[in-house]
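Here the structure is laid out as structure tokens; the discussion comes afterwards.
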Amino acid sequence: MYSALSYVWGDPTATEIVFVNCCPFPVTRNLYEALKAIRGETNTYTFWTDAICINQKDDDEKSHQISLMKKIYESATLIIAFLGESTKHTDDALEAIKRVHDFNPRSEFGDSALLGLKDICNRPYWTRVWIQQE
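This is how it looks when you write it as structure tokens:
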């Protein structure tokens, strides 16, 4: 049983270092931000992510793993979708969604929440070809 991370790679030249099995490992800035958001500064959290779990220097392995992506995501017990870093507006939007989820009929969406929903819907995450497999 495992969890999987879905995210946008972003600029491949903008990298940060994470530690995988106590070894430094370069990842894109977007993956770094996703990992930081999920685990915080001190928690340890284990899950599957393509950039780390697939040998990106081995084209044969990449081709094979890409053909398995749909199954990898289907078999995960939890999929975390990282849409990007939060902003005040996106935080307001998520709070508004939470109020709707709680069936609070008196909830009203403010301008900030609506701007946040628009921001979330316009993020690059939704334009990725991979999103259908994930």
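Letter 16 of the sequence shown, counting from 1, is numbered 13 in the working numbering, and no numbers are missing.
We put the CB at the ideal spot given by N, CA and C, even for glycine.
Small disclaimer: the values here were computed from a predicted structure and weren't measured.
Only counting the same chain, and skipping five residues up and downstream in sequence, which positions put a Cβ closer than 7 Å to that of residue i?
i: A34; result: F79
i: L32; result: V15
i: S109; result: K85, H86, D89
i: L114; result: A90
i: V17; result: I49
i: I63; result: none
i: I117; result: L80, T87, A90
Within its chain, find whatever has a CB closer than 8 Å to the CB of residue i; leave out the 5 residues flanking it on each side and keep chain order.
i: W45; result: Y(-1), S0, A1, L2, I69, A73
i: A48; result: W6, V24, T25, L28
i: E58; result: I51, N52
Looking only at DSSP bridge pairs, what is residue i linked to?
i: I77; result: L2
i: I35; result: BP columns for I35 are empty, so no partner.
i: W45; result: A1
i: C50; result: According to DSSP, C50 bridges with nothing at all.
Below 6 Å CB to CB, which residues in the same chain sit around residue i once its five sequence neighbours on both sides are set aside?
i: P121; result: V5
i: Y29; result: E13
i: L112; result: H86
Which residue from the options puts its Cα closest to that of residue i?
i: E82; options: T43, L91, L75; result: L91
i: L65; options: C50, L75, R96, I77; result: C50
Open item on the list: Tell me whether the stretch 25 to 34 and the stretch 8 to 15 touch, counting them as touching only if at least three CB pairs, one residue from each stretch, are closer than 8 Å.
Closed with: yes
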